[in-house]
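What follows is a set of notes on a single structure, which appears directly below.
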Amino acid sequence: MANFATVWKLLVYKILVLGIVIGLFFTSFSFVRGMDSFIAFWDSISTFIFSFNIGASIIELLQSGLSIFQEFFVFVADLAVNGTGIFIFYVFLFLILFPFLWRLSDLATGETLYGYMASLTKYSFVGAMIRKLGTSCLYSLLSLAIMLPINFAIVAGFYGILTLVNIGGFTAILVPFLIFIYISAIVGLKMAFFSGWMPACIVFNCNVVKGLKLGFKAVMRRFFKVLSTSIIIVAVILAINLLFGSFSFIITIPVGSMIVLVFQMVMFFGSQGMRYYVDLDTILAPKKLEQTDKLKRVKDLI
Numbered sequence: 009m010a011n012f013a014t015v016w017k018l019l020v021y022k023i024l025v026l027g028i029v030i031g032l033f034f035t036s037f038s039f040v041r042g043m044d045s046f047i048a049f050w051d052s053i054s055t056f057i058f059s060f061n062i063g064a065s066i067i068e069l070l071q072s073g074l075s076i077f078q079e080f081f082v083f084v085a086d087l088a089v090n091g092t093g094i095f096i097f098y099v100f101l102f103l104i105l106f107p108f109l110w111r112l113s114d115l116a117t118g119e120t121l122y123g124y125m126a127s128l129t130k131y132s133f134v135g136a137m138i139r140k141l142g143t144s145c146l147y148s149l150l151s152l153a154i155m156l157p158i159n160f161a162i163v164a165g166f167y168g169i170l171t172l173v174n175i176g177g178f179t180a181i182l183v184p185f186l187i188f189i190y191i192s193a194i195v196g197l198k199m200a201f202f203s204g205w206m207p208a209c210i211v212f213n214c215n216v217v218k219g220l221k222l223g224f225k226a227v228m229r230r231f232f233k234v235l236s237t238s239i240i241i242v243a244v245i246l247a248i249n250l251l252f253g254s255f256s257f258i259i260t261i262p263v264g265s266m267i268v269l270v271f272q273m274v275m276f277f278g279s280q281g282m283r284y285y286v287d288l289d290t291i292l293a294p295k296k297l298e299q300t301d302k303l304k305r306v307k308d309l310i
């Protein structure tokens, strides 16, 4: 809450990224909008968004979500055949440029959090973006290379579970619970594994490859604690979005992003045994490494 101004700056940045991506998308929209497959795909999205907010049954929502996937596959196949150049452009736009820009702000946000936690110093978000731009670009590129196949696997698993709704009966009733458990568990697992990466780059001021290694070490010191907390955070964010509907995303996305980054910094400070400020009058002092590390981790140093 003491750094809530960063949430608004993060919101502005995310809106700017969305504006850039949407603007680039519309540069070739005149061709796409005339495709029957795109019209069907867009209609399925519109149906899902509005039904999400007017109290449609869960089964109807899931069927609508499945329809989005099916219409999307048809649209992609149609575009690849009839508009190959635009297809390649969209692949670059949505699978490379968008996730690259989306994560470009992570290190800057982490630095603002680090300054407050370490010394109650408030760093400028824009200033941190400029200072960390080079490292942020490398971090975002490497993150893209690692996360892209993982995200594809997650989406494939989600689609597999979603198709169970067509079976009907008791199986269809179980699908919402399976999806909630699956997303919470698998996204929480991914978040836990990489939760030490950004903080390590900030705290140790190192390159992204070394930061990834140090981040893994920090996570493994308390893996199951980090994992359980990650799953709970994902589940709570998912539940809030389900509760308030799709039109709340403009607030829940930047707030959720900030919460995840705060969790990563707190986890890393705790894992390293580093003291940090919560507010002006409260300093938390986690157990130092020599109090928590097992003998096999430190025997070579003794």
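Note that this note's numbering numbers the sequence shown so that position 32 is 40, with each residue one more than the last. Positions of the beta carbon are idealized from the N, C-alpha and C atoms, including for glycine.
If you draw a straight line from the C-alpha of residue i to the C-alpha of residue j, how long is it?
i       : j       : result
Leu-235 : Leu-69  : 29 Å
Ser-52  : Leu-170 : 15 Å
Ile-210 : Leu-152 : 19 Å
Ile-322 : Phe-271 : The requested residue 322 is not part of the displayed model; the chain covers only 9 to 310.
Cys-214 : Lys-130 : 21 Å
Ala-136 : Lys-225 : 26 Å
Ser-238 : Leu-288 : 27 Å
Met-199 : Ser-54  : 30 Å
Tyr-46  : Ile-181 : Correcting the residue type first, residue 46 is Phe in the shown sequence and not Tyr. Their backbone Cα atoms lie some 30 Å apart in a straight line.
Glu-79  : Asp-44  : 10 Å
Tyr-227 : Phe-37  : The sequence given here places Val at residue 227; Tyr does not occur at that position. Roughly 44 Å separates the two Cα atoms.
Gly-204 : Leu-222 : 7 Å
Lys-140 : Phe-185 : 41 Å
Phe-95  : Val-25  : 21 Å
Leu-74  : Val-84  : 16 Å
Val-173 : Thr-179 : 7 Å
Leu-150 : Ala-126 : 27 Å
Leu-109 : Ala-116 : 13 Å
Ile-259 : Lys-22  : 11 Å
Ile-158 : Arg-111 : 16 Å
Phe-188 : Ile-154 : 24 Å
Ala-48  : Leu-87  : 13 Å
May I ask you to report which of helix, strand or coil DSSP gives residue i?
i       : result
Asp-287 : strand
Met-43  : coil
Thr-35  : coil
Lys-140 : coil
Ile-62  : The predicted position of Ile-62 is uncertain, since its pLDDT is 49 and thus under 50; no value can be drawn from it.
Gly-165 : helix
Asn-159 : helix
Asn-174 : helix
Asn-249 : helix
Buried or exposed for residue i, please, with buried defined as at least 16 other CB atoms from any protein chain shown within 10 angstroms of its CB.
i       : result
Arg-229 : buried
Ile-62  : Because the pLDDT of Ile-62 is 49, which lies under 50, any placement of that residue in the model is unreliable, and the question is left without a value.
Gly-93  : exposed
Ser-148 : buried
Val-161 : The sequence given here places Ala at residue 161; Val does not occur at that position. Exposed: under 16 other Cβ atoms inside 10 Å.
Lys-218 : exposed
Ser-192 : buried
Phe-106 : buried
Ala-208 : buried
With DSSP as the reference, identify every bridge partner of residue i, one or two as the case may be.
i       : result
Leu-269 : According to DSSP, which records beta bridges pairwise, Leu-269 is partnered with nothing at all.
Leu-292 : Tyr-284
Say yes only if the C-beta of residue i is nearer than 7 Å to one or more non-hydrogen atoms of the ligand NAD, and no if none qualify.
i       : result
Ile-245 : Within the structure as shown, the ligand NAD is missing, as the structure has no ligands at all.
Could you tell me which whole alpha helix (DSSP H) segments of length 4 or greater appear in the segment 91 to 136? 92 to 100, 106 to 110, 114 to 127
Ranges of the alpha helix (DSSP H) found wholly within the segment 194 to 235, counting only runs of at least 4: 205 to 211, 216 to 228
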